[in-house]
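For reference, the structure discussed in these notes is given below.
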Amino acid sequence: MAASMKPKFPNLNSLKKLTKDELRRILETRHGVKDLFIDPSLMKPIDRLADISFLKNHGVDRIFKMDSSKPVQGSKERFYIMRPKAFNARLLVEQIKGEQTAGHDRRYTVVMVPRSLYICEKIFEEHGLHGCVHTEALPLHTIPIDNDIITMELDLFYSSYFLHHDETWVHAAASALVSLQQEFGKLQNVYAIGQCAKNTWDLSQTLLEYEPDITGLQSQIEHLIIMDRDVDLVTPLCSQVTYEGLLDDIFGIQCGVIEFGKEVTQSEKSVKSVLSSNDSLFEEVRNRHFSTVYKLLSTKARELQKNYGNVDSMSVSQLKSFVADDLQSLKQLHRSLTLHISACEVITKKKTAEGDLAELLATEHGLLQGHGMTENMKYIEELIHRQQNPVNLLRLLCLLSLVKDGLSPDTYDSLKTLFLHSHGYQHILTFHNLAKLGLFTKRLPPQQATVKLPGTSGSSIKLSAAKINLPKKSSFQMLSKNLQLIRKPGKEDDLRNPTDMAYVFSGAYTPLSCRLVELILQKRGFSGLEDSIKLTTNTYYQSTRAQSARGSKIQEMNTSGASKDQTVLVFFLGGVTYSEIAALRFLGQTTGNRFLILTTNILTGNRFISQLKTV
């Protein structure tokens, strides 16, 4: 994609500053030297919020990872930063009791993120620690990791809400919306898709009533689209082929930071790198299809070599200017190029080692497009027989089930039994979780079919086969047709200069979530989309600001009829992939809008399935 002028987003650093100030206040509640213990799941978020020098300046002497190891010697003051979970509270009780038994006299401050929960307070009280443990809350609801991405780093949000029906973290999601409105003004045009999305928005409005009035604050965000992850379960199951998506798949990106091992650095030391738009080289390649990245990096390397080669012909004054102005940036570019070229080589090797990537992608595309099902089934069965990575296999099985609205009883039982024989019966509970979420299901015969009626709160009624008008196409196939998710046969897209969001999956499929965002903005709501939305959820809601003909700001329109130069906040409840983020960035370029991504966490297909595994 051609480079374009960077869009101007709201300044997200102000969100970080507010939370950092609160952390400063908490640390200053205890004077003197203190030790800091951090929940492993919060190590990266805290590091993005406050660096070592900040913590040292506020009395922190040593930093430890909070785990089940024996108590360590240290300062009298102890601070624990943790998620408000019963497991963490019991772990802390065990450590404090051990120190008290050993005769240590210390003061303990427990900082719960993003808020304090009664269950933790109750556990402290039950073990007689209520008086000696001081509790605080650090409202770390939003963590900006780039100028257009805000994450909450709640990795288990999807399994917690959608699998276990635990609404604990909905409050955190609603609080994130409150924080954004307090900083950037009231959200005027709101579109919610899914029950969790509706509940989150309603709760945010309730919480906002207890906060200072923000009516006079100028709004910097014109639209909010909030979406449940289970509205689009297909997209996170597809193999990512954008560069940033593959970096996350292979190396893992945590809170916007990647660690390249010795296979990339070609040394004994690993290198941590912050991936953001501040790196001009990474900004240019991050959203590209992987097949185009290596050639671009090679071109950049040749240009860099040419710049260094010009040094020999420079005069003394030119050389002095070169050293003062250009040398440092060229050295930085050289380091970045070396890392990313090596990363491309490692990605290619690992994807090849996992099997024939081309065959895997062809199978996924065949499932999405609804052709070659016999060959696709044989390929999946072959992978199971070869005992390939169980998480990758579960991804394919779920994708097969989702695009077909479930499998026939014979096919379902055959594939499940084959998998259990190959990888062990300890996965029975995993299949139970997948079935509960509708990811891998058995399609009932017509005489046993039940129909879920809209507005019946999930209840269903049994109808006889004669009364059921069963669709010939699956829900996904109907969505694909209605929303044009699948490219037409014979139509190819230039992956170097794409013209459609489908490029993020090699032109085979446009992410459903991103297409819904595009159409909602075009239509300023759900008008004409009701039938398609109902194939994904029974719950959707919109609240838009009425615009008068007089006095309203006239918005410039793009060729599709949607307004231009607007900031759109898209909130994913349950996670978002880098492929979807790349697609929305592309949509922003083509429509002239700015897309700001707020998400509970960043997903890969493997992380999505792994949180549902029981072993």
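Just so we're aligned, residue 631 is where the sequence shown starts under our numbering, counting upward by one.
Built from N, CA and C at the ideal position, the CB exists for glycine as well.
Nearest to Val923 by alpha-carbon distance, out of Tyr873, Phe881, Leu987 and Gln935, is Tyr873.
Straight-line spacing of the CA atoms in Arg1175 and Leu1067 works out to 35 Å. Here the C-alpha atom of Leu679 lies approximately 6 Å from the C-alpha atom of Lys650.
Between Leu876 and Gln870, the beta carbon gap of about 6 Å places them in contact (Cβ cut-off 8 Å). When secondary structure is reduced to three states using DSSP, Ser1136 falls in the coil class, being assigned neither helix nor strand.
Counting every other CB atom within 10 Å of its CB across the protein chains shown gives Lys752 a total below 16, marking it as exposed.
When the alpha-carbon of Ile668 is set against those of Gln812, Arg1154 and Arg692, the nearest one is in Arg692.
In the three-state DSSP reduction, Met1108 falls in the helix class (H, G or I). Burial of Glu1148 is indicated by the presence of at least 16 other C-beta atoms within 10 angstroms of its C-beta. Ranking Arg932, Leu1214, Val1198 and Leu1242 by CA distance to the CA of Phe639 puts Val1198 first. Scanning Gln703, Ala716 and Arg713 for the CA closest to the CA of Gly728 turns up Gln703.
Residue nearest to Leu648 within the set Ile773, Met712 and Leu905 is Ile773 (criterion: CA-CA distance). For Phe1061, the closest of Asp986, His1051 and Lys1046 by C-alpha to C-alpha distance is Lys1046.
A straight-line Cα-Cα distance of about 7 Å links Arg660 and Glu707. Taking Tyr1170 as the centre and dropping the five residues before and after it, the same chain places the C-beta of Ala822, Ile823, Phe1156 and Ile1163 closer than 7 Å to its C-beta, in chain order.
A residue is called buried once 16 or more other Cβ atoms fall within 10 Å of its Cβ, and Ala802 is buried on that count. By the criterion of at least three beta-carbon pairs nearer than 8 Å, the segment 1138 to 1147 is not in contact with the segment 777 to 790. Here Ser790 is not near Leu837, since their CB atoms are 8 Å or more apart. In terms of Cβ geometry, Ile880 and Leu905 do not form a close pair [threshold 8 Å]. The alpha-carbon separation between Thr765 and Leu642 amounts to approximately 28 Å. Taking a 10 Å sphere around the C-beta of Gly1204, we find 16 or more other C-beta atoms and assign the residue as buried. Here the alpha carbons of Gln818 and Ile971 stand approximately 45 Å from one another. Taking each of Ser849, His995 and Val690 in turn and checking the Cα distance to Arg1117, the smallest one comes out for His995.
Between the segment 1036 to 1052 and the segment 1004 to 1016 there are three or more inter-stretch CB-CB distances shorter than 8 Å, so the stretches are counted as touching. Secondary structure at Glu707: strand, using DSSP grouped into helix, strand and coil. Ranking Ser1104, His760 and Phe717 by CA distance to the CA of Arg737 puts His760 first. Cβ-Cβ separation between Leu927 and Cys885: approximately 25 Å, too far for a contact (criterion under 8 Å).
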